[in-house]
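Note sheet for the following structure.
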Amino acid sequence: MRTSLSQSALTTRRDLMGLAALGLIASAAKPAAGAPDGELRVGVHVSLAPTWFDPAETPGIITPFMLLYAMHDAVLKAMPDDPMAPCLAESGTMSADGLSYALSLRKGVKFHNGDPLTAEDVKFSLERYRGAASKSLKDRVARVDIHDPHRLTIRLKEPWPDFLTFYAGASGAGWIVPKKYLEQVGDEGFKKAPVGAGPYKFVSFTPGVELVCEAFEEYWRKKPTIKRLVFKVIPDEATRLAALQRSEVDIAYSIRGELADELQRTPGLTINPALSSAPFWLYFPDQWDPQSPWHDRRLRQAVSLALDLKTINEALTLGHSRATGSIFPVNFEFYWQPPTPVYDPASARKLLAEAGHARGFDAGDYYCDTSYANIGEVALNNLREVGIRVRLRPLERAAFFKAYSEKKLKNIVQGASGAFGNCATRAEAFVAKGGTYAYGSYPDIDALFAEQAVQMDRARREAILHRLQQAVHDKAMYAPIFQLAFISGVGPRVGQSGFGLIKGFAYTAPYEDMTLKGKA
Amino acid sequence: MKQYIARRVGYSLLSLFLLSVTIFLFVRVTGDPVSLLVEPGASPEDIENIRHQLGLDQPLWEQYWHFMANLAAGDLGQSFYYRTPVLELYFQRLPHSLLLAAVAMALSLLIGIPSGILAAVRVDGFWDSAGKIFALLGLSLPSFWVGLVLILFFSVYLGWLPSSGSGGVAHLLMPAFTLGWYFAAAHMRLTRSSMLEVLGSEYIKLARLKGLPEALVIGKHALKNALIPVITLAGINLVVMINVAVVVETVFAWPGIGRLLYEGITFRDFPVVQGVVIIGGAMIVLVNLLVDILYALIDPRIRLES
Amino acid sequence: MTVIAPVTTDTVASSAPFWRLKGFPLIPVSILLFIAFVAVFADLLAPHDPQIGSLARRFKPPFWLEGGSVVYPLGTDHVGRDVLSRLIFGARVSMVVGITAVLVAGGIGTLLGIVSGYLGGWADQVVMRITDTWLALPALTFAIFLAAIVGPSELNIILILGLVYWTRYARVIRGEVLSLKQREFVRLAVVAGCSKSLIMWRHILPNVTNSAVVLATLMLGVVIVTEASLSFLGVGVPPPKPAWGLMMADGKKGLMVGYWWLTVFPGICIMLMVLSANLLGDWLRVKLDPQLRQL
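Chains as they are written, first to last, in our numbering: chain A, 1 to 520; chain B, 1001 to 1306; chain C, 2001 to 2295.
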């Protein structure tokens, strides 16, 4: 999910934010179109965890936001048409030195239990946050000053260009929980009966089975139109589709490959592809070893040319993924668009011949995560067609990431990342020296990375990061595959499904905008 | 006798201890839960932070000590993924697993016993072959496939049964049949061989000589004795079923223990894996212990021998 | 499929070596021989490379259906590979995996069964306790652990299956040994001053071989089906290797779309193999079991 607001953008957007807020208030003031009605059932592909009910515990994965958007609300969050829309905040300003952010909260917002939402809750939520990015945040946030119930200032220890990326982004720290209620029930109690300020209130949860939510009619933005939301856990993809066909669920997440074909073919069902923030790529961990064939840039380029991305995309995701040619998500801040990748097996063979492998060569192992072995199986054929013979080695997910990060893999690695952040945070993990998944690095890229990390001027930082991405491309450090489309199915009862409204977000949201047919 | 029981209990505790060490080390050798709780590419300090929260930054022996100390107090720890006590998770799932296993077992005996009897009474006849083949089909078709075929036919095509989930009797039918069919072959085979054995025994021959009707001989005298081993086996298989129904549970989104363990493994949720395996182990060890003690009570020679 | 097969407490008593018996069940044995033949000569029989495909020709139906062609007589899979060729090579993978896994299980189980049954006491207790706890560890747990430690491969699947199913052998063989121990010839050997290892090796082992063989035919099916389940859970024989179980797991999704040939053909193959092995095993058991032979 993409969220970040730069220094200049925030100051110049102050007025805009105010206007947006006015507009929203105006729309909320319209006479409500009757009480929420009906029930919408969502077939979920993963087991729902109670930790996801609590924004403070948000791990660094995207899945919990599926629930956060229903039960909670944030100071700023990604919304349709605005990756950083003011929600609980009406406006915000950053000081000229970049050290403090003043927030002015929306008035009259209530939690599900009727308590008013105040600056105390915002401060409490930030300080309470202990999810994946908590250390990054706590090391840099000095303190939070409360001026009155609706105005507060967050002060940083040092200028931090990515603060809002973390605060309003997927970190969970900017999602507000009720202080008073939490102090009453404690952390465990909160997970059993969470209270938030989102459009839907918690009703019941059965682990491994379902979560039930009900419309919160006093939600500030608008009254939700659907009365009940039920999230049903259905782990098997084929069963999920069967449930959708039978109208046991109205939305089924993650339907891939031939099941997506079937989904498209079934009358009454619609397919909803959402471009995720997870690019896939092939990585050459041995490229720094002069003994390895992969040391030769021509071979790495040949791999890129050999991949018939269009056909793979058609087969696996009905063409909805995007072959960007980058390992950075296209919706990330500071993204640089490399030339579109081309499928050119003839040139690939030529490069191979130039590199002394006219008759092809045995390139060793091709490692991948078992869940995405389907991409590997197809890529394998493409590589073999130009003479690069590899052996597929699918590893079970946990083992794959352990081996990948411990730098134990060789030859070719098929990787992917859906981590939130911006192009700089991606580069840190995958490109720069010392990165968790960087098996080696290039001095010029490292220099660029170090330079951007201290650059407060957005335009200059962007220019540096563009040069960095270009260097990654020129060196053929990676052979990018595509940014994966997350395909979900929607049943006949649904009017507005909410898919694709928020860019880079794979799930349906915002929930208050969703409708059932015939019940506007 | 007391001494024998004490020794048997000692052995049981020892095997549970071994199991706990094995599973404790195994889960830790093979993967890092933290790498699954964050997206690849999260910052190293955040990863360290999560590791600290989960207590995974402590030395291994210390983690084990904590684990054993808690275990002794009846606490299996908290799931990394659910942040809920493992015991609570286990007992939420247990009723579902028991229900599924019980119904599956009933169906499997319903298929296995009659076909086994028929097969024994008409050796090499039509019913022998038909029953054998039907039971063996259940054994030879992978249950993920059987399950999906059932869903396609009864849910999607006919629309009679819900495709997945738990709730009423309707939800239970397909998963229980899929699981039960698989076990039916074993029960059929045992019924058949045990029935043949009983039918060949002296007292049945005697009963026949006395001129009792064949149906009565088979239905009453033979069956009663032939079913003892089958029921014993069913008891053991019931425990096995609870632990192994993972594929059926996955296909039908049935919230049982098999799935809890499978997810525990895929997420490297150490406390869940440890907890489920140890409770499962304890169940099996306990059943065996009781059986052994029971046998020892009945047959004193066993006591002397070991 | 459930990952651990049901426990059977069948005891297999025996006296005569099985090869002296006449009247083999013809059909099951010829099916098994045919599968073995296909497995051995897969390279000559298969019309295409089983691991190479092209997305351009994916999901082609069998030749008798519209859109099918005799070039790919049983159609193509999701990567455009020839289903027939995969079945043919799959016979090899499945046979090798199945038989070797049963051998591993049989080897460990027979050895431990004999040791525990004959020596009794302390050794018996240790082996039986391990056997007990083994049941508590589902196959899947092992599968993932082993795959994580040594990487996925056919060899690991064999090890996994072997390690899961040896307990079945150990139980049966131990029971057998307990009764053999009471027999005259063993007692005589003891009186004659034979060492324990000699007795186990020379007198006990040959007498449990028949049971081990019968058990092996029954286990073969269980092992093959478990392999399929492991593939379903993503820890089976690694793709693109053609194994019947993997083909079923891969093709499962296609079932919903009407691509039935992806699972039905490998399903039939597995079924035939399991049925044949079991029918052969049943026959062997009846022939080898003195009590049942009276009938």
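Here a beta-carbon is modelled for each residue, glycine too, at the ideal position from N, C-alpha and C.
Report yes if the CB atom of residue i is closer than 7 Å to the CB atom of residue j, and no otherwise.
| i | j | result |
| --- | --- | --- |
| residue 334 of chain A | residue 462 of chain A | yes |
| residue 250 of chain A | residue 178 of chain A | no |
| residue 270 of chain A | residue 75 of chain A | no |
| residue 1248 of chain B | residue 1175 of chain B | yes |
| residue 1181 of chain B | residue 1219 of chain B | no |
| residue 1245 of chain B | residue 1179 of chain B | yes |
| residue 196 of chain A | residue 71 of chain A | yes |
| residue 285 of chain A | residue 437 of chain A | no |
| residue 404 of chain A | residue 69 of chain A | no |
| residue 237 of chain A | residue 263 of chain A | no |
In the DSSP assignment, find the beta strand (DSSP E) that holds residue i and state where it starts and stops.
| i | result |
| --- | --- |
| residue 147 of chain A | 141-148 |
| residue 156 of chain A | 151-156 |
| residue 93 of chain A | 89-94 |
| residue 1181 of chain B | Unbroken run through residue 1181 of chain B is the alpha helix (DSSP H), 1169-1199; no beta strand (DSSP E). |
At what residues does the alpha helix (DSSP H) containing residue i begin and finish?
| i | result |
| --- | --- |
| residue 180 of chain A | 179-192 |
| residue 361 of chain A | Where residue 361 of chain A is concerned, there is no enclosing alpha helix (DSSP H), although the beta strand (DSSP E) it sits in stretches over 361-369. |
| residue 2276 of chain C | 2261-2288 |
| residue 1006 of chain B | 1002-1029 |
By a C-beta neighbour count over all protein chains shown, 10 Å radius and 16 as the cutoff for buried, is residue i buried or exposed?
| i | result |
| --- | --- |
| residue 434 of chain A | exposed |
| residue 1215 of chain B | exposed |
| residue 113 of chain A | exposed |
| residue 143 of chain A | exposed |
| residue 456 of chain A | exposed |
| residue 2238 of chain C | buried |
| residue 2090 of chain C | buried |
| residue 2184 of chain C | exposed |
| residue 37 of chain A | exposed |
| residue 184 of chain A | exposed |
Under 7 Å between C-beta atoms, does residue i make it to chain B?
| i | result |
| --- | --- |
| residue 2160 of chain C | no |
| residue 2284 of chain C | no |
| residue 1948 of chain C | Only positions 2001 to 2295 of chain C appear in the structure, and residue 1948 of chain C is not among them; the question remains open. |
| residue 523 of chain A | Only positions 1 to 520 of chain A appear in the structure, and residue 523 of chain A is not among them; the question remains open. |
| residue 29 of chain A | Note that residue 29 of chain A scores 39 on pLDDT, short of 50, meaning its location in the model is unreliable; the coordinates nonetheless yield the value given after this. For residue 29 of chain A, the answer is no, since every Cβ of chain B falls outside 7 Å of its Cβ. |
| residue 2252 of chain C | yes |
| residue 207 of chain A | yes |
Any Cβ of chain C within less than 7 Å of the Cβ of residue i?
| i | result |
| --- | --- |
| residue 236 of chain A | no |
| residue 363 of chain A | no |
| residue 261 of chain A | yes |
| residue 14 of chain A | Legend: pLDDT at residue 14 of chain A = 36, less than 50; position of this residue unreliable, value from coordinates given subsequently. So no, residue 14 of chain A is outside the interface. |
| residue 481 of chain A | no |
| residue 399 of chain A | yes |
How would you list, in chain order, the residues of chain A whose beta-carbon sits under 7 Å from the beta-carbon of residue i?
| i | result |
| --- | --- |
| residue 2052 of chain C | 381 and 384 |
| residue 2243 of chain C | Here the premise fails: no neighbours, minimum Cβ distance about 13 Å. |
| residue 1049 of chain B | 134 and 135 |
Can you list the residues of chain A that residue i reaches, using a CB-CB cut of under 8 Å?
| i | result |
| --- | --- |
| residue 2235 of chain C | 370 and 396 |
| residue 1083 of chain B | 49, 50, 51, 57 and 191 |
If the cut is a Cβ gap below 7 Å, which residues of chain B does residue i touch?
| i | result |
| --- | --- |
| residue 245 of chain A | 1156 |
| residue 2263 of chain C | 1145 |
Residues of chain B with CB closer than 8 Å to the CB of residue i, please, in chain order.
| i | result |
| --- | --- |
| residue 2271 of chain C | 1137, 1140 and 1141 |
Mind listing the chain C neighbours of residue i? Cutoff is C-beta to C-beta under 9 Å, in chain order.
| i | result |
| --- | --- |
| residue 1198 of chain B | The premise fails here: residue 1198 of chain B is roughly 11 Å from chain C at the closest Cβ pair, so nothing lies under 9 Å. |
| residue 270 of chain A | Those do not exist, as residue 270 of chain A stays about 17 Å from chain C at its closest Cβ, beyond 9 Å. |
Starting from the beta carbon of residue i, find every residue of chain B whose beta carbon is closer than 9 Å, and list them in chain order.
| i | result |
| --- | --- |
| residue 2156 of chain C | In chain order: nothing, as chain B lies at least about 13 Å away. |
With a threshold of 7 Å between beta carbons, is residue i in contact with chain A?
| i | result |
| --- | --- |
| residue 2065 of chain C | no |
| residue 1250 of chain B | yes |
| residue 2097 of chain C | no |
Could you tell me which chain C residues have their CB closer than 8 Å to the CB of residue i, listed as they occur along the chain?
| i | result |
| --- | --- |
| residue 378 of chain A | 2055 and 2079 |
Indicate whether at least one CB of chain F lies closer than 7 Å to the CB of residue i.
| i | result |
| --- | --- |
| residue 330 of chain A | The structure shown contains no chain F; its protein chains are A, B and C. |
Strictly below 9 Å CB to CB, what residues from chain A border residue i?
| i | result |
| --- | --- |
| residue 1028 of chain B | Ordered by position in chain A, no residue passes the 9 Å Cβ test against residue 1028 of chain B, which lies about 11 Å from the chain. |
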